[in-house]
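Written out below as structure tokens is the structure these notes cover.
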Amino acid sequence: NFRVVRFAISEDSYESIITNLPKEDFPVEEIKKVYAMRWHRNIVQGIEICYRIMLLSFKKGGVYH
Numbered sequence: 027n028f029r030v031v032r033f034a035i036s037e038d039s040y041e042s043i044i045t046n047l048p049k050e051d052f053p054v055e056e057i058k059k060v061y062a063m064r065w066h067r068n069i070v071q072g073i074e075i076c077y078r079i080m081l082l083s084f085k086k087g088g089v090y091h
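Okay, so the sequence shown: first residue is 27 according to this note's numbering, each after it adds one.
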């Protein structure tokens with residue numbers, strides 16, 4: 027079974043997620059937290075990857091940190 031979970035992410039914007047997680051174990055607020063953590067982690071990882079690419083580019087160009 028699947029369910030649609032919808033929650034506000036701003037005053038006029040909503041997020042809708044389809045999940046098979048049980049409602050009893052994962053109420054809307056829990057899913058909202060997990061979803062936010064997922065995006066936060068992806069953003070942090072993206073920043074770290076960009077930083078590494080930038081460092082490698084500088085090293086190849088003869089500029090060292």
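All residues carry an ideal CB built from backbone N, CA and C; glycine is no exception.
Give me the DSSP bridge partner(s) of residue i.
{"i": "V31", "result": "I43"}
Would the beta-carbon of residue i fall within 8 angstroms of that of residue j?
{"i": "V30", "j": "V54", "result": "no"}
{"i": "F28", "j": "I44", "result": "yes"}
{"i": "F84", "j": "K58", "result": "no"}
Of the choices the options, whose alpha-carbon is the least far from that of residue i?
{"i": "Y61", "options": "G72, Y77, L47 and I79", "result": "L47"}
Would you decide whether residue i is buried or exposed? Buried here means 16 or more other CB atoms lie within 10 Å of its CB.
{"i": "Y40", "result": "exposed"}
Measuring only between beta-carbons, confirm whether residue i sits less than 8 angstroms from chain D.
{"i": "T45", "result": "Among the chains in the structure shown there is no chain D, since it carries only a single protein chain."}
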